[in-house]
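Notes to accompany the following structure.
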Amino acid sequence: MTAPRPPAGFERTDHETVFPDVKTTLNLFGIHMRRVPGTWSYPTHEHPQYEINYLLEGRQTMTVNGVAYAQQPGDLLLLKPGESHDSRSGDGAPFTYFCLHFDLDDRLFLALLNRLEQVLFPADGAVAAKVAPALRRMMELAGAAEAGSIAGRLRLQSCVFELFAQLWEALSAESAHLSPPEDGKVSMAHAIAGRLQALASQHFHHGQAGESHYGIERIADEIGISASHASRTFREVYGVSPRAYWSELVLHEAKQLLADPKHTVQTIAAILGYRDIAHFSRQFKRWTGLAPRDYRRLTGGRPDGLPDQSPK
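So the sequence shown is numbered by the working numbering: it starts at 210 and just counts up by one.
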């Protein structure tokens with residue numbers, strides 16, 4: 210069989226460098242820098258994204274899954290999806306922090322994040338020092354006049370990818386002693402996550418996304434494994450159970466819907482597949498500590514769940 214002829218006008222080269230294909234989906238949520246008074250606090254909550262919290266001034270105490278972390282200037286906190294946390298001043302004085310929530314579909318990067326047990330990275334450590342320049346650059350871009358323009362958003366995304374590159378290098382060195390899960394497990398866990406996301410999206414449009422519909426048994430059957438093996442594998446890679454991940458998807462959608470004032474709480478309950486508004490309200494309060502109406506009033510309808518601090 211002869212090799213295919215090159216197209217007309219194509220000349221052979223003596224050297225060629227082939228770069229890898231890049232296909233990555235990045236979602237950024239609730240990027241903000243905020244100075245708060247010493248009396249400020251935020252109640253216990255969780256969300257389906259990763260969070261980077263970087264302290265600029267003052268002292269902050271953040272409690273993550275029941276463990277209190279004393280954060281000082283330059284310290285970085287890295288939270289995984291589904292981890293409950295609250296925050297307050299560490300010494301009763303004002304403090305300033307920068308916060309970023311993100312989703313990224315790079316399975317190796319996520320596998321590394323989920324293997325980490327460390328939450329607080331001190332300012333004088335390798336991780337915080339490595340990513341600090343990219344974080345500072347992000348703050349400059351977020352505060353620039355062109356931040357809302359297409360060019361501004363693209364520059365911000367470029368800076369975030371540089372942040373992730375620095376974070377990958379620093380965390381890889383920090384976690385060299387950890388045993389990575391087998392590549393097959395990572396692929397399987399991401400296949401399960403993809404099916405859960407597709408299932409949630411489908412059910413949101415048909416009002417069937419209540420917690421009882423998360424369907425791990427059906428997904429496991431499609432993959433050809435037992436439901437228990439699917440759950441163990443998923444938890445090993447993602448750090449949470451498929452059911453908890455499903456709940457995070459529903460909670461995220463609920464917050465997005467609550468951010469739109471045209472939807473009543475009753476309508477949102479129906480969209481999400483709950484049998485009545487009372488059932489939805491109880492579940493939402495269990496997740497966030499707030500009833501849906503209280504959450505909407507506290508956040509001013511912000512989908513990132515942050516308190517509305519606009520002038521009244």
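Heads up, the beta-carbon is just placed ideally off N, CA and C, and yes, glycines get one too.
Please read all numbers here as calculations on a predicted model, not as lab measurements.
To which residues of the same chain is residue i closer than 8 Å at the C-beta, ignoring the five residues directly before and after it?
{"i": "Phe-493", "result": "Leu-460, Ala-463, Leu-499, Ala-500, Pro-501, Tyr-504"}
{"i": "Gln-518", "result": "Low confidence applies to Gln-518: its pLDDT is 42, below 50, so where it sits in the model is not reliable, and the reading given next is rough at best. Correct list, in chain order: Arg-243."}
{"i": "Ala-439", "result": "Met-397, Ile-401, Ile-425, Ile-428, Ala-429, Ile-432, Pro-451"}
{"i": "Pro-516", "result": "Here Pro-516 scores only 45 on pLDDT, less than 50, and its place in the model should not be relied on; the value that follows carries that caveat. Once the five neighbours on either side are set aside, the close Cβ partners of Pro-516 are Tyr-251, Leu-507, Thr-508, Gly-509."}
{"i": "Thr-305", "result": "Met-242, Arg-243, Arg-244, Val-245, Leu-264, Leu-265, Glu-266, Gly-267"}
{"i": "Glu-371", "result": "Ala-343, Arg-346"}
{"i": "Tyr-278", "result": "Thr-270, Met-271, Thr-272, Leu-286, Val-328, Leu-329"}
{"i": "Thr-234", "result": "Asp-312, Leu-313, Asp-314"}
Going by DSSP, which residues form a beta bridge with residue i?
{"i": "Leu-405", "result": "For Leu-405, which the question treats as bridged, DSSP gives no partner whatsoever."}
{"i": "Leu-287", "result": "Ile-261"}
{"i": "Thr-305", "result": "Arg-244, Glu-266"}
{"i": "His-438", "result": "Answer by DSSP bridge pairing: none, since His-438 is not bridged."}
{"i": "Met-271", "result": "Tyr-278, Ser-296"}
Have a look at residue i and residue j and give me their C-alpha separation to the nearest angstrom.
{"i": "Ala-398", "j": "Ala-478", "result": "29 Å"}
{"i": "Ser-358", "j": "Gln-366", "result": "12 Å"}
{"i": "Ser-250", "j": "Asp-315", "result": "33 Å"}
{"i": "Ala-487", "j": "Asn-274", "result": "27 Å"}
{"i": "Ala-374", "j": "Arg-362", "result": "18 Å"}
{"i": "Lys-394", "j": "His-256", "result": "24 Å"}
{"i": "Ala-436", "j": "Leu-405", "result": "14 Å"}
{"i": "Asp-300", "j": "Leu-264", "result": "14 Å"}
{"i": "Val-474", "j": "Gly-424", "result": "25 Å"}
{"i": "Leu-467", "j": "Thr-248", "result": "27 Å"}
{"i": "His-310", "j": "His-472", "result": "25 Å"}
{"i": "Leu-507", "j": "Ala-338", "result": "35 Å"}
{"i": "Pro-303", "j": "Leu-408", "result": "44 Å"}
{"i": "Leu-287", "j": "Gln-258", "result": "11 Å"}
{"i": "Thr-270", "j": "Cys-368", "result": "28 Å"}
{"i": "Val-328", "j": "Ser-296", "result": "14 Å"}
{"i": "Val-449", "j": "His-412", "result": "22 Å"}
{"i": "Gln-280", "j": "Ala-453", "result": "28 Å"}
{"i": "Ser-456", "j": "Phe-307", "result": "27 Å"}
{"i": "Thr-442", "j": "Met-347", "result": "35 Å"}
{"i": "Leu-344", "j": "Glu-292", "result": "22 Å"}
{"i": "Gly-482", "j": "Thr-476", "result": "10 Å"}
{"i": "Ile-261", "j": "Asp-485", "result": "36 Å"}
{"i": "Ile-434", "j": "Ser-298", "result": "48 Å"}
{"i": "Ala-320", "j": "His-294", "result": "22 Å"}
{"i": "Arg-324", "j": "Glu-349", "result": "31 Å"}
{"i": "Leu-376", "j": "Lys-289", "result": "15 Å"}
{"i": "Ala-351", "j": "Arg-364", "result": "10 Å"}
The alpha helix (DSSP H) that contains residue i, what's its start and end?
{"i": "Asp-503", "result": "501-508"}
{"i": "Ser-381", "result": "359-383"}
{"i": "Asp-430", "result": "425-432"}
{"i": "Ala-479", "result": "474-480"}
{"i": "Ser-490", "result": "486-497"}
Suppose the cutoff is 7 Å on Cβ atoms and the five residues either side in sequence are ignored; what does the same chain contact list for residue i look like?
{"i": "Asp-430", "result": "none"}
{"i": "Val-336", "result": "Leu-285, Phe-330, Ala-379, Leu-380, Glu-383"}
{"i": "Asn-236", "result": "Phe-311, Asp-312"}
{"i": "Thr-497", "result": "His-254, Tyr-504"}
Starting from the C-beta of residue i, find all residues in its chain whose C-beta is less than 6 Å away, skip the five residues before and the five after it, and write them out in chain order.
{"i": "Asp-513", "result": "A caution first: Asp-513 carries a pLDDT of 45, below 50, which makes its placement in the model unreliable, though a value can still be read off. Closer than 6 Å at Cβ, skipping near neighbours: Phe-238, Gly-239."}
{"i": "Ala-332", "result": "Gly-283, Asp-284"}
{"i": "Ser-490", "result": "Ala-500, Pro-501"}
DSSP on residue i, reduced to helix/strand/coil?
{"i": "Asn-236", "result": "strand"}
{"i": "Val-276", "result": "strand"}
{"i": "Pro-331", "result": "coil"}
{"i": "Leu-313", "result": "strand"}
{"i": "His-461", "result": "helix"}
{"i": "Asp-469", "result": "coil"}
{"i": "Ser-296", "result": "strand"}
{"i": "Glu-349", "result": "helix"}
{"i": "Ser-450", "result": "coil"}
{"i": "Leu-322", "result": "helix"}
{"i": "Glu-355", "result": "coil"}
Could you give the first and the last residue of the continuous beta strand (DSSP E) run that contains residue i?
{"i": "Thr-253", "result": "250-254"}
Quick check: does the Cβ of residue i come within less than 7 Å of any heavy atom belonging to the ligand GTP?
{"i": "His-472", "result": "In the structure shown, the ligand GTP is absent, as is every other ligand, since no ligand is present at all."}
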